[in-house]
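Asks: So the number in the working numbering is just where the residue sits in the sequence shown, counting from 1, plus 269.
Using N, Cα and C, we set each Cβ at its ideal position, and we do this for glycine too.
Everything numeric in this text was worked out from a predicted model, so none of it was measured.
First the structure, which I've put down as structure tokens, then a few questions once you've had a look.
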Amino acid sequence: MLKYNFLNHKKGDTFNSRKITINLDLTDAQIDIHFKSKGSVIPSFYWSTRNGSIVIIDAARGIMTLDKKKLNFPKNIYFYDFQITHKNGETFTYFEGFIKILQDNTK
């Protein structure tokens, strides 16, 4: 499994929109990226095709975008995985990693 760690991010700052290409056919696929602190079972924040925060822009080539989002969460390390559920019901985790939210000094 591939690992990708996002750059450190300041609490309360906006996570800018990202374009992601994975070179897999995503036709009729559902994509979920859930970020959780260690030991938590409930995501602190997430992106998903189910709520439109992930938009597949070229399904055949596996190109999508993540919406921008304000990450106003406590200072911590949030672990994630990137799961795709294909139209046949099979679910695969394609990569995983973490993002470190740093305490801001302004607020």
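1) Going along the chain, which unbroken runs of the beta strand (DSSP E) with 3 or more residues stay wholly within the region 319-369?
2) Buried or exposed for Leu295, going by 16 or more other Cβ atoms inside 10 Å?
3) On a Cα-Cα basis, can you pick out the residue from Gly321, Thr360, Ile368 and Ile353 that is closest to Ile291?
4) Using DSSP with H/G/I as helix, E/B as strand and the rest coil, what is Phe275?
5) So which of Asn285, Leu371, Glu359 and Gly366 has the shortest CA-CA distance to Gln299?
6) When you compare only the Cα positions, how much space is there between Phe284 and Tyr273?
7) List the residues that DSSP assigns as beta-bridge partners of Lys288.
8) Which one or two residues does DSSP pair with Thr375 in a beta bridge?
Replies: Taking the structure as given:
1) 323-327, 332-335 and 345-354
2) buried
3) Ile353
4) coil
5) Glu359
6) 16 Å
7) Thr334
8) Its beta-bridge partners do not exist; DSSP assigns none.
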